[in-house]
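> Just so you know, the sequences run in chain order A and B. Residues in the first sequence are numbered consecutively from -1, following our numbering. Residues in the second sequence are numbered consecutively from 674, following our numbering.
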Amino acid sequence: MKKVKIRAKNLDVFYGDKQALFNVNLELNEKEVTALIGPSGCGKSTFIRCINRMNDVIDICKIEGSIEMDGFDINDKSIDVVELREKVGMVFQKPNPFPKSIYDNISYGPKIHGKGETKDELDEIVENSLKKAALWNEVKDRLNEPGTSLSGGQQQRLCIARAISVNPEVILMDEPCSALDPIATAKIEELIDELKTTYTIVIVTHSMAQAVRVSQKTGFFHLGKLIEVGKTEKIFKNPDNKMTQDYITGRFG
Amino acid sequence: MNKSERLKQRHRAEKRFKFYGIASVTIAIIFVLILIQNIFSKGSSAFQKTVIKVDVFYDSELIELNNGATLKEIYDTDFYDLTIENLLKTYPSKNTDEEDELLKLFSSEAEYEIKNAFLNNNQLIDKTITLEITASDDIDQLHKGNYPRDLPEDRRSITDNQLFIYDYFVENEIINKNFNNYFFTNGDSRDPELAGIGGALVGSFYSIIICLLIAFPIAVLASIYLEEFAPKNKITDFIEININNLAAVPSIVYGLLALQVLLATLHLPRSTPLVAGITLALMTLPRIIIPCRASLKAVPPSIREGALAVGASKFQSVFHHVVPLALPGTLSGTIIGLAQALGETAPLILIGMVAFVVDIPSTPIDPSASLPVQVYLWSESAERGFVEKTSATIMILLSFLIMMNFIAVYLRQKFEKRWN
């Protein structure tokens, strides 16, 4: 049995008067990929944005219940959100590299956290991050070109490298392949498979096939409620809940 | 109605719309062309001045100077008699009345010009050089063809005799047109041939710099705070509405405000670029804040999220990523705001910049003119020479505005980065 990295307890999230998540209880295991599936607007993205407190920037967002990481409540006043996000990286649906050079895209995170004091150390971090993101061979000769000049798939791997660069413990991925073609998607999936040996990964996806391919655990959300969660194999082969069954077989959603 | 008829109708509607569009653009262009043509045809002659060639003999009997005289000695010497003597030589007058009429053809600056030539070369005693002496306003306008010489004598300021002398000058080819340096170096003057925009240029320059120094930092910081940090609540909404309202307040209201607060209460020096700059800054602030906020808003949220997700603080995400991306838009908004301020007349009239100022201001707290107010002042003057000066000043003002707008567009296109 793997160690639990993140535990959400009785989590309720409100956007103004609208409740987006209802009493979600979910455990994410360390060094494992957890896939979150469900129809659009079911609260998957809201859930993972709670893990690195990305919802903080939305004034009207209110969170009740708790999320613990390694046993500490991340919403506790003693936790600095900057430190939390250093530990919990995020990759977004649409690749969003900074309009700067490839090198600057990767070195930005380490710089603001005071890692890589010298140029050599920074160079090393950039190289390692790009290697881990399987992008090094493609860009090593043009690190000074703008990150936005890369193809969509490369941009997304650049964003993954950017997330890795600050050496996080958890990586959140919000539909990372939805804007990519099948070949780029395959590359990212391969990458996720490798990354899970080092990081705890949560991936939101609309593709059942992708969830099956990359994840060990799957959670099914519907209308803000976590309907069912379990081993990926079990969820897709023999779900307990009728709704899950209907969703994965494409009968609604 | 069947399908093909409906299709035809749709095409017709499209063609109609296209026609209306082209027609309105054409009308707009025609108006602009008329405006420009009008200003150019009236103003371009102001860049030339009429000069009369005079052989000046520096007679040692009329000025008590030796070759190699010091600057101070030359300054202290009266060149009046020498000037009269030399100017009279240009035409064989028959009596003193005619001599008076002849002398009126020259600008009052003639004495200074003759003295100035000696200042440049103090070895001229008892020697002759040919100088080009500025002609009076009437002769200037006559030579440029702007003077109605066909009117009966009692209805024009030039006498028949003077016309005769002028024709004599033309025949002997001693009257000429030169580049009008006075227009750029002189301040205002009662004599149109000597009036220039030097003072107005410097005054406008100081005002705009002061306006920039005050308005730019305040506007940028205010927009960053409002756009990125301020909580979205009623107070912020209220401020936003007020900024939009202030941008639409007639500029003369700012002039009244400045008159009461800056001049009456704080006793800042009247008619100065300092007060003008502060007034224009007040007026320009909301007009800069609005485009600044728009350019900050145009930075996609994904950039902010990307920065926050690697652990940047709010402050870092704003100043490392959002502000640099918004900078081209911010700068071009500022320049366009300043261009508006440069052309603003009403508030400056209220703070006393309509005063008749001959000197070119050396500091921002000297009384000064400004370009748009100079246009206003000259447009009210009766002398014929000021008509071309007015149009020429408008040309200068317009060229500055066009230049500033061009810079704004250039900055935006050059430095605007694409983010996806």
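Don't be surprised by glycine CBs; every beta carbon is placed ideally from N, CA and C. For clarity, every value in this text was computed on a predicted model and none was experimentally measured.
Excluding the 5 residues preceding and the 5 following B/Leu1094 in the sequence, name in chain order all residues of the same chain whose CB lies nearer than 8 Å to its CB.
Residue 1094 of chain B cannot be examined here, being either before or after the span of chain B that is shown, 674 to 1093.
> Please determine, among B/Ala980, B/Glu900, B/Pro946 and B/Ile838, the residue with the shortest C-alpha to C-alpha distance to B/Leu1015.
The candidate whose alpha carbon is nearest that of B/Leu1015 is B/Pro946.
> Is the shortest distance between the beta-carbon of B/Lys905 and the beta-carbons of chain A less than 7 Å?
yes
> Which residues of chain B have a Cβ atom closer than 8 Å to the Cβ of A/Phe90, listed in chain order?
Ser975, Glu978, Gly979 and Ala982
> Note down, in chain order, every chain B residue with its Cβ under 7 Å from the Cβ of A/Gly39.
Residues of chain B passing the Cβ test: none, with the nearest at roughly 19 Å.
> Quick one: what's got a C-beta closer than 6 Å to B/Ile962's C-beta in the same chain, skipping five residues either side?
The beta carbon of B/Ile962 sits closer than 6 Å to the beta carbons of Ala892, Ala895, Ser896 and Ile916 from its chain, once the five residues preceding and following it are set aside; these are given in chain order.
> Is there a Cβ from chain B that is less than 7 Å from the Cβ of A/Glu115?
Answer no: the Cβ-Cβ gap between A/Glu115 and chain B never drops below 7 Å.
> Closest to A/Glu30 by CA distance: which of A/Ile246, A/Met241, A/Ile72 and A/Glu192 is it?
A/Glu192
> So, A/Ala209 versus A/Ile46, is the Cβ gap smaller than 7 Å?
no
> Any idea which residues DSSP pairs A/Asp10 with across the strands?
A/Glu62
> Check whether chain B comes within 7 Å of A/Glu84, counting only Cβ atoms and requiring the distance to be less than that.
yes
> Are the segment 118 to 125 of chain A and the segment 1027 to 1037 of chain B touching by the rule of at least three beta carbon pairs closer than 8 Å?
no
> Could you pull out every unbroken beta strand (DSSP E) segment of at least 3 residues lying fully inside the segment 79 to 127 of chain A, listed in chain order?
86 to 89
> Could you tell me which chain A residues have their CB closer than 7 Å to the CB of B/Ala985, listed as they occur along the chain?
Ile110
> Could you tell me whether the Cβ of B/Gln1086 comes closer than 7 Å to any Cβ of chain A?
No, B/Gln1086 does not count as interfacial toward chain A.
> Would you say A/Asp191 faces chain B, with C-beta separation under 7 Å as the test?
no
> Name the residue from B/Phe1073, B/Gln1086 and B/Tyr855 whose alpha carbon lies nearest to the alpha carbon of B/Ala719.
Comparing Cα positions, the closest option is B/Tyr855.
> Which residues, in order along the segment 45 to 65 of chain A, keep a beta-carbon less than 8 Å from a beta-carbon of chain B?
Asn50, Met52, Val55 and Asp57
> Which residues in the same chain as B/Ser830 place their Cβ atom closer than 6 Å to its Cβ, once the five residues preceding and following it in sequence are excluded?
Asp811
> Which two residues bound the contiguous beta strand (DSSP E) that contains A/Gly222?
It is not in any beta strand (DSSP E) - A/Gly222 carries neither H nor E in the DSSP assignment.
> What runs of the beta strand (DSSP E), each 3 residues or longer, lie entirely inside the segment 818 to 857 of chain B?
848 to 852
> Give me the residue from B/Ser766, B/Leu761, B/Leu1050 and B/Tyr820 with the minimum Cα distance to B/Ala783.
For B/Ala783, the nearest C-alpha among the options comes from B/Leu761.
> In this structure, does DSSP put B/Ala742 in helix, strand or coil?
coil
> With B/Asn793 as the anchor, note down where its alpha helix (DSSP H) starts and where it stops.
Ala783 to Asn793
> List the residues of chain A whose Cβ lies closer than 9 Å to the Cβ of B/Leu935, in chain order.
In chain order: nothing, as chain A lies at least about 39 Å away.
> Give me the chain A residues within the contact set of B/Gln989, using Cβ-Cβ distance strictly less than 7 Å, ordered along the chain.
Ile110
> Exposed or buried, what is B/Arg679 when buried is set at 16 or more other beta-carbons lying within 10 Å of its beta-carbon?
So B/Arg679 counts as exposed.
> Under 7 Å between C-beta atoms, does A/Val164 make it to chain B?
Residue contact with chain B for A/Val164: present (Cβ-Cβ distance below 7 Å to some residue of chain B).
> In terms of residues, what are the limits of the alpha helix (DSSP H) holding B/Phe1123?
Chain B is shown from 674 up to 1093; residue 1123 of chain B falls before or after that span and cannot be answered.
> Mapping DSSP to helix, strand and coil, what is B/Asn1093?
Below a pLDDT of 50, predicted positions are generally treated as unreliable, and B/Asn1093, at 44, falls in that range; the measurement from the model is reported next regardless. Residue state, collapsed to three classes: coil.
> Is the segment 862 to 878 of chain B in contact with the segment 1053 to 1069 of chain B, if contact means three or more CB pairs nearer than 8 Å?
yes
> I'd like to confirm the pairing. Which residues does DSSP put opposite A/Arg5 in its beta bridges?
A/Glu25 and A/Glu66
> For the segment 991 to 1020 of chain B, list every residue whose C-beta sits within 7 Å of some C-beta in chain A, in sequence order.
His994 and Leu998
> Could you give the distance in angstroms between the alpha-carbon of A/Gly150 and the alpha-carbon of B/Leu953?
48 Å
> Would you tell me roughly how many angstroms separate the C-alpha atoms of A/Ile225 and B/Ala921, rounded to the nearest one?
55 Å
> Can you look up A/Gly217 in the DSSP assignment and give me helix, strand or coil?
strand
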